[in-house]
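Colleague: This structure is in C-alpha cells; I'll ask about it shortly.
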Amino acid sequence: MKEAQKLNLAKSMELFEQAKNFVPGGVLGARRPGDFIPGEYPIFLEHGKGGRVTDVDGNQYIDFLCGYGPIILGYREEEVDEAVARQIREKGFCFSLTQRYQNELAQRLSQIVPCSQLSIFLKTGSDATTASIRIARAFTGRLKVMRCGYHGWHDWCVEMKGGIPQKLYEDVYEFHYNDLDQLADLMRKHGDQTAAIIMTPLGHHLHQKMEEPKPGFLEGVRQLADRYGAVLIFDEVRTGFRLALGGAQQYYGVAP
Numbered sequence: 598m599k600e601a602q603k604l605n606l607a608k609s610m611e612l613f614e615q616a617k618n619f620v621p622g623g624v625l626g627a628r629r630p631g632d633f634i635p636g637e638y639p640i641f642l643e644h645g646k647g648g649r650v651t652d653v654d655g656n657q658y659i660d661f662l663c664g665y666g667p668i669i670l671g672y673r674e675e676e677v678d679e680a681v682a683r684q685i686r687e688k689g690f691c692f693s694l695t696q697r698y699q700n701e702l703a704q705r706l707s708q709i710v711p712c713s714q715l716s717i718f719l720k721t722g723s724d725a726t727t728a729s730i731r732i733a734r735a736f737t738g739r740l741k742v743m744r745c746g747y748h749g750w751h752d753w754c755v756e757m758k759g760g761i762p763q764k765l766y767e768d769v770y771e772f773h774y775n776d777l778d779q780l781a782d783l784m785r786k787h788g789d790q791t792a793a794i795i796m797t798p799l800g801h802h803l804h805q806k807m808e809e810p811k812p813g814f815l816e817g818v819r820q821l822a823d824r825y826g827a828v829l830i831f832d833e834v835r836t837g838f839r840l841a842l843g844g845a846q847q848y849y850g851v852a853p
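The numbering of the sequence shown is the working numbering, which starts it at 598 and goes up by one.
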C-alpha cells in the first residue's frame, strides 16, 4: 500500500502560531487543536467553491463539515450569492424595522414545515433553543425541562458546566436517545412540573455518531408530552431542510 503523502502546512502552522497571540487557543469555534493530530491541524483556509476548499498552502479538500451544516449547496453558489448581493446592493439590510421578505419567508415555511404555522427568526441554534424553552416555560407556568441531544452552548444546556451557577440548570434533566422507558420514568416523577421535552429527532450528542429513532420512539415521546401537558420541541438545526425539505418531523411523520 502506498504511504500517504504528508501535507505541506507551513503557512497554516505559521498563522496558527500568530493567532495564539490574539485568539484563545488560536482557533475560534469548537474544533480545537487538541482534538486532532498535532502538526496536521488547524488548517487555515483560503477559499472554497462548491464542495471543495483550498487552504493557504494550496492543498485542496472535500469539505464534509459544510460550515457545521448551513453550506449544503456549496460555497460560492452563484444563484445564492447573487441573491444576497442584490439585496445588499439594491435594498440594504439589517434594518431596525421590518421588510416584506419576512412575510414571504414565514408563509413559505408554513407550507413546507409541518409545525410552522407561525415563525420567528433568530441568529443561531443556541438562541432558538433557548427562546423555545423560555416560551414553553411561560406558556405552561412550569420550570422543568427534559432534554436529549446537543442544543447549543447557553447556560441551561451546555455540556461543560464550568462557570455556570447550578441553579441555572438544576431543573434540566437529560434522557438518552431511543430510551423511552427512561423518559417515561422521568415524566412519572416530574411530569406535572415539566414545561418542555426538547430533543434532536436524530440522536447526535456532541462528538458522537448519529442515531436513527427506533420504531415507535418519536411517537412515544409525542404521547408522553401530550399526556403530561408538556411542550414537545424538536431541535432541527441539523435535520431541517436536509433529512427532508420539511425536516425530520416530515420524514418520520411526528410533529412537535
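All C-beta atoms in this analysis are idealised placements derived from N, C-alpha and C, irrespective of residue type, glycine included.
Do you know whose CA, among Gly-623, Glu-637, Glu-809, Pro-667, lies nearest Gly-837's CA?
Modeller: Pro-667
Colleague: I'd like the span of the alpha helix (DSSP H) that includes Asp-832, first residue to last.
Modeller: Run containing Asp-832: none; DSSP gives neither H nor E here.
Colleague: Going by the DSSP bridge assignment, what does Met-784 pair with across the sheet?
Modeller: Answer is none; Met-784 lacks a bridge partner.
Colleague: In this structure, how does DSSP classify Leu-815 when only helix, strand and coil are distinguished?
Modeller: helix
Colleague: Gln-790 by DSSP, collapsed to three states: which one?
Modeller: helix
Colleague: Output needed for Met-796: all residues of its chain with C-beta closer than 6 Å, excluding positions within five of it in sequence on either side, in chain order.
Modeller: Cys-745, Gly-746
Colleague: Could you check whether Pro-853 and Cys-712 sit closer than 9 Å to each other, using their CB atoms as the reference points?
Modeller: Yes, these two residues count as a Cβ contact at 9 Å.
Colleague: For Gln-696, which residues of its own chain have a beta-carbon under 8 Å away from its beta-carbon, when the five flanking residues on both sides are left out?
Modeller: Lys-688
Colleague: Any chance the stretch 783-801 sits against the stretch 825-835, with 3 or more Cβ pairs inside 8 Å?
Modeller: yes
Colleague: Report the option in Val-653, Arg-649, Phe-736, Gln-708 whose CA atom is closest to the CA atom of Phe-641.
Modeller: Val-653
Colleague: Which stretch, first to last residue, makes up the alpha helix (DSSP H) that contains Glu-676?
Modeller: Element bounds for Glu-676: 675-687.
Colleague: For Met-796, which of helix, strand or coil comes out of DSSP?
Modeller: The three-state secondary structure of Met-796, taken from DSSP, is strand.
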